[in-house]
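Trainee: Before I ask anything, let me first share the structure, which is written out below as structure tokens.
There are 2 protein chains.
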Amino acid sequence: MSTNIYVVIMAGGSGTRFWPYSRDAKPKQFLDVIGTGRSLLQMTFDRFNEIATTDKIWVVSNEKYEDLIQEQLPELEKHQILLETEKRNTAPCIAYASYKIMKQDPNAVIVVSPSDHAIFKEKEFREVIHTSVEAANNDEKLITIGIRPNRPETGYGYIQYLSDPGVSVKKVKTFTEKPKTDLAAKFLESGDFLWNSGIFVWSIDSIIKAFEKYEDEMAALFASGLNDYYTDAERSFIKKTYSQCKNISIDYAIMEKAENVYVVPGDFGWSDLGSWNTLHEIKERDSDENVIEGSVMTYDSTNNYIKGKKGKVTVVQGCEGMLIADFDDVLLVCKKEDSSVFRDFITDVKAEKGDKYI
Amino acid sequence: MSTNIYVVIMAGGSGTRFWPYSRDAKPKQFLDVIGTGRSLLQMTFDRFNEIATTDKIWVVSNEKYEDLIQEQLPELEKHQILLETEKRNTAPCIAYASYKIMKQDPNAVIVVSPSDHAIFKEKEFREVIHTSVEAANNDEKLITIGIRPNRPETGYGYIQYLSDPGVSVKKVKTFTEKPKTDLAAKFLESGDFLWNSGIFVWSIDSIIKAFEKYEDEMAALFASGLNDYYTDAERSFIKKTYSQCKNISIDYAIMEKAENVYVVPGDFGWSDLGSWNTLHEIKERDSDENVIEGSVMTYDSTNNYIKGKKGKVTVVQGCEGMLIADFDDVLLVCKKEDSSVFRDFITDVKAEKGDKYI
Chain R
-17 MSTNIYVVIM
-7 AGGSGTRFWP
3 YSRDAKPKQF
13 LDVIGTGRSL
23 LQMTFDRFNE
33 IATTDKIWVV
43 SNEKYEDLIQ
53 EQLPELEKHQ
63 ILLETEKRNT
73 APCIAYASYK
83 IMKQDPNAVI
93 VVSPSDHAIF
103 KEKEFREVIH
113 TSVEAANNDE
123 KLITIGIRPN
133 RPETGYGYIQ
143 YLSDPGVSVK
153 KVKTFTEKPK
163 TDLAAKFLES
173 GDFLWNSGIF
183 VWSIDSIIKA
193 FEKYEDEMAA
203 LFASGLNDYY
213 TDAERSFIKK
223 TYSQCKNISI
233 DYAIMEKAEN
243 VYVVPGDFGW
253 SDLGSWNTLH
263 EIKERDSDEN
273 VIEGSVMTYD
283 STNNYIKGKK
293 GKVTVVQGCE
303 GMLIADFDDV
313 LLVCKKEDSS
323 VFRDFITDVK
333 AEKGDKYI
Chain W
-17 MSTNIYVVIM
-7 AGGSGTRFWP
3 YSRDAKPKQF
13 LDVIGTGRSL
23 LQMTFDRFNE
33 IATTDKIWVV
43 SNEKYEDLIQ
53 EQLPELEKHQ
63 ILLETEKRNT
73 APCIAYASYK
83 IMKQDPNAVI
93 VVSPSDHAIF
103 KEKEFREVIH
113 TSVEAANNDE
123 KLITIGIRPN
133 RPETGYGYIQ
143 YLSDPGVSVK
153 KVKTFTEKPK
163 TDLAAKFLES
173 GDFLWNSGIF
183 VWSIDSIIKA
193 FEKYEDEMAA
203 LFASGLNDYY
213 TDAERSFIKK
223 TYSQCKNISI
233 DYAIMEKAEN
243 VYVVPGDFGW
253 SDLGSWNTLH
263 EIKERDSDEN
273 VIEGSVMTYD
283 STNNYIKGKK
293 GKVTVVQGCE
303 GMLIADFDDV
313 LLVCKKEDSS
323 VFRDFITDVK
333 AEKGDKYI
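Next comes the structure, spelled out in structure tokens:
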């Protein structure tokens, strides 16, 4: 194991598409979504703890989740938990972590990862990460991990790479965010497109240079904190900086612009757990293709996700492709595949019934 | 108002098709199903209190509902509440009430009625009852109240009558219980078929004679209690008698066999409230034909019955023709029209999850 590997776990998402299971007070990454007894954040930490030592695994999230993170990952020192004061997408999150880590270890190689995905082949995953770390250590490469697509998914970003047989770190040709179905089908067919997993690997030097080149204002903002990181002044510095910082993803800010972007294709049983429907696909199903959680009885019902409430009997008849999710204060019955409607649900429920249901 | 009108309200049903709203501990007739603030039993009592004096309105039900009846109808004297010890269908229930009332008033005319139906035109209803009472007072007629059908309903009994224009009390030709759809459609088309409302009118003399003729064993059983009715011995007499008595409806036992059976057609906004679907038809619906109870938000959903739980938000999307009924310990999601599956639900839930959910 290289000793300079740092991991930055991004844990600031709101998990909207898993409402009402995922709530503003405890979003998806803090929940035991898979049913292993560990939250997705904890599983992500465990996975990376095979790659990096505990003192080099950092978590970035909103300050309102500070207690949850400390509770779920008591192994982390206070300075390893980076608290954002506003939602600003992935670029500021990565800039903050990069400049702070640079102050401690200018030779670091950083793996950036979402906190709420599932990976079922851990060994294969580690191999992909080690390949990427080695490449990032040797060259000024910005590396993203790509997933071989198995369906014309329209909700993901696609990465086209230059075919180069025998080389595992491939030069990226194009990025395409959320293509329409026909285009996604063409991508799938062509064979040289991968899904963007949102996992990145680069050296401190490479990513700082990229920020300076493509987001110089943001680079200047976070560079100005070098005296404050690891001190009592860090929190107020971040509050001020985030209020001035633009809201942009690392893909738009850097990956789609930089020349030195590479992709390592991976096949490690990945799922972004992006919706109830995705979860339905990876969970154990009964002979009628229903995922059943809790005390549930089904009749003439196929391909549903039924999450019953504890201490309650749920009887379902004549349902096909539905999500039925019963919680203390919210019952949701909807088409399992229509994950795009969740934003409406949340906006409307918040407006009409109040924040407490969100 | 004739002074010899007695009303026997049958309130021993289990309301299976309204589970999980209707429960074994408090079935449908004891619930405020319509939302008027009065239970169906109370509404039935109120309706008949315009026709008979309070002291002549009697309720027959299972002994386990004694407290509920006393609570909901405190106007009743103890002897007006007839408690059955076992479920034995309508013939024993009517025999019990008939022999007991005969002991008090051999000149009574009895109106027998279910406790869990809705009647929206009270004035028209009273007119039909008065016509029937008059006929029953004058002749030895067993009269049933018939409802003009408006759809080929397969869940009801049909009564064919001899056409006799200008006569309101019509001779019955045939009874047909629960016809198949094509036969029901023919009945509807022919114009001389009525639905059997389960409301009967007859004199004490006529019904006792009919029991003696068609159910002589049952007649003998209940006649043997004449010394016990209105005494402390009544309860143990009934316990013994019910254990020996056969389980049969008044339709099979007498109405389908007797020669002197008549029907009075009525048009008084009747509903048997036989299922959630029936209730959906009579309740106020939104512009998408949804009946909404509680704090519910719907998207792309039509023709549903959605009963949300108090203090909870229910979000429904992409549903058509469903019942979604959320209670403390049971959630039911099923096709609104498939009321025949309720028996399975209850049998299975009882077997697999326990009595407490029934």
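Residue numbers (our numbering), protein chains in the order written: chain R, -17 to 340; chain W, -17 to 340.
Even for Gly, the Cβ is constructed at its ideal location relative to N, Cα and C.
For W/D268, is the beta carbon positioned less than 7 Å from some heavy atom of the ligand ATP?
Mentor: The ligand ATP is not part of the structure shown, which contains no ligands of any sort.
Trainee: Just verifying my parser: in three-state terms, what is the DSSP assignment at W/E194?
Mentor: Helix at W/E194.
Trainee: In three-state DSSP terms, what is W/Y138?
Mentor: Coil.
Trainee: Pull up the DSSP beta-bridge partners for W/K289, would you.
Mentor: Beta-bridge pairing links W/K289 to W/E275 and W/A307.
Trainee: With the cut-off set at 8 Å, would you say R/V110 and R/G251 are in Cβ contact?
Mentor: No.
Trainee: For W/M200, go through chain R and note every residue whose CB falls closer than 8 Å to its CB, in chain order.
Mentor: Result: empty, since nearest Cβ-Cβ is about 38 Å, beyond 8 Å.
Trainee: Answer yes if the region 151 to 166 of chain W comes into contact with the region 250 to 264 of chain W, meaning at least three C-beta pairs across the two stretches below 8 Å, and no otherwise.
Mentor: These segments do not touch.
Trainee: Between the C-alpha atoms of R/R325 and W/G139, what's the straight-line distance to the nearest angstrom?
Mentor: If I take the Cα positions, the gap works out to 50 Å.
Trainee: Are the C-beta atoms of R/S172 and some chain C residue less than 8 Å apart?
Mentor: Any reference to chain C falls outside this structure, whose protein chains are R and W.
Trainee: Give me the chain R residues within the contact set of W/G289, using Cβ-Cβ distance strictly less than 7 Å, ordered along the chain.
Mentor: Sequence check: residue 289 of chain W is Lys here, not Gly. Result: empty, since nearest Cβ-Cβ is about 11 Å, beyond 7 Å.
Trainee: Go through its chain and collect everything with a Cβ distance to R/A205's Cβ below 8 Å, but skip five positions before and after it.
Mentor: Around R/A205: Y81.
Trainee: Taking 7 Å as the limit between beta carbons, can you name the residues of its chain near W/E319, skipping five residues before and five after?
Mentor: Closer than 7 Å at Cβ, skipping near neighbours: N259 and G303.
Trainee: My assumption, with CB atoms under 8 Å, is that W/A240 sits in contact with W/A167. Please give the rounded CB distance.
Mentor: Rounded, the Cβ-Cβ distance is 28 Å, inconsistent with contact.
Trainee: Pick out the complete alpha helix (DSSP H) segments inside the region 38 to 109 of chain R, 4 residues or longer, and give them in chain order.
Mentor: Those alpha helix (DSSP H) runs which fall completely within the region 38 to 109 of chain R and span 4+ residues are 48 to 54 and 72 to 86.
Trainee: Classify W/W1 as helix, strand or coil using the three-state DSSP reduction.
Mentor: Coil, per DSSP.
Trainee: Could you pull the start and end residues of the alpha helix (DSSP H) that R/T223 belongs to?
Mentor: Run containing R/T223: E216 to Q226, per the alpha helix (DSSP H) assignment.
Trainee: Which of the three DSSP states, helix, strand or coil, is assigned to R/F250?
Mentor: In this structure, R/F250 counts as coil in the three-state DSSP scheme.
Trainee: If distances are taken between C-alpha atoms only, which option among R/T26, R/D121, R/T284 and R/N(-14) comes closest to R/K103?
Mentor: Comparing Cα positions, the closest option is R/T26.
Trainee: Would R/A117 pass as a contact of R/Y(-12) if the rule is Cβ separation under 8 Å?
Mentor: Their beta carbons are not under 8 Å apart, which means R/A117 does not touch R/Y(-12) by this criterion.
Trainee: Is R/T296 close to chain W, meaning its C-beta is less than 8 Å from at least one C-beta of that chain?
Mentor: Yes, because at least one Cβ of chain W sits closer than 8 Å to the Cβ of R/T296.
Trainee: Look at the alpha carbon of R/T136 and the alpha carbon of W/T296, and state the distance between them as a whole number of angstroms.
Mentor: One C-alpha to the other measures close to 29 Å.
Trainee: As a quick exercise: from R/N89, R/P2 and R/V315, pick the residue whose alpha carbon is nearest that of R/S185.
Mentor: It is R/N89.
Trainee: Alpha carbons only, please: which of R/K289, R/D330, R/E334 and R/A333 is nearest the one belonging to R/L313?
Mentor: Among R/K289, R/D330, R/E334 and R/A333, the Cα nearest to that of R/L313 is on R/K289.
Trainee: Going along the chain, which residues of the region 307 to 340 of chain W sit with their C-beta nearer than 8 Å to a C-beta in chain R?
Mentor: Flagged, chain order: D308, D310, D311, V312, L313, L314, V315, C316, K317, D320, V323, D326, F327, D330, V331, E334, K335 and Y339.
Trainee: Round the Cβ separation of W/T(-2) and W/I328 to the nearest angstrom and send it over; I've been treating them as touching at under 8 Å.
Mentor: Confirmed, about 6 Å.
Trainee: Name the residue from R/A79, R/F12, R/M279 and R/D28 whose alpha carbon lies nearest to the alpha carbon of W/A333.
Mentor: Nearest of R/A79, R/F12, R/M279 and R/D28 to W/A333, Cα basis: R/M279.
Trainee: Going along chain R in order, which residues have a C-beta closer than 8 Å to the C-beta of W/Y281?
Mentor: What W/Y281 touches in chain R: C316, V323, D326 and F327.
Trainee: Just the chain R side, please: which residues come within less than 7 Å of W/Q86 by C-beta, in chain order?
Mentor: Residues of chain R passing the Cβ test: none, with the nearest at roughly 46 Å.
Trainee: Is it buried or exposed for W/Q226, if we count other Cβ within 10 angstroms and need 16 for buried?
Mentor: When all chains shown are included, W/Q226 counts as exposed.
Trainee: Take R/P74 and list the residues in its own chain whose beta-carbon comes closer than 6 Å to its own, dropping the five residues that flank it on each side.
Mentor: For R/P74, where only same-chain residues beyond five positions count, the Cβ hits under 6 Å are C227.
Trainee: Short of 8 Å Cβ to Cβ, which residues in the region 267 to 278 of chain W face chain R?
Mentor: Within the region 267 to 278 of chain W, the residues whose Cβ lies closer than 8 Å to some Cβ of chain R are S277, listed in chain order.
Trainee: In this structure, does DSSP put W/L22 in helix, strand or coil?
Mentor: Residue state, collapsed to three classes: helix.
Trainee: Could you tell me whether the Cβ of R/G256 comes closer than 8 Å to any Cβ of chain W?
Mentor: Answer no: the Cβ-Cβ gap between R/G256 and chain W never drops below 8 Å.
Trainee: May I ask you to list the residues that DSSP assigns as paired with R/D(-12)?
Mentor: The amino acid occupying residue -12 of chain R in the given sequence is Tyr; Asp does not appear at that position. In the DSSP output, where bridge partners are listed per residue, R/Y(-12) has R/I92.
Trainee: Looking only at C-alpha atoms, which of R/K153, R/D98 and R/K8 sits nearest to R/D28?
Mentor: Residue R/D98 is the option with its Cα nearest to R/D28.
Trainee: Does any CB atom of chain W fall closer than 8 Å to the CB of R/G300?
Mentor: With 8 Å as the cut-off, R/G300 counts as an interface residue toward chain W.
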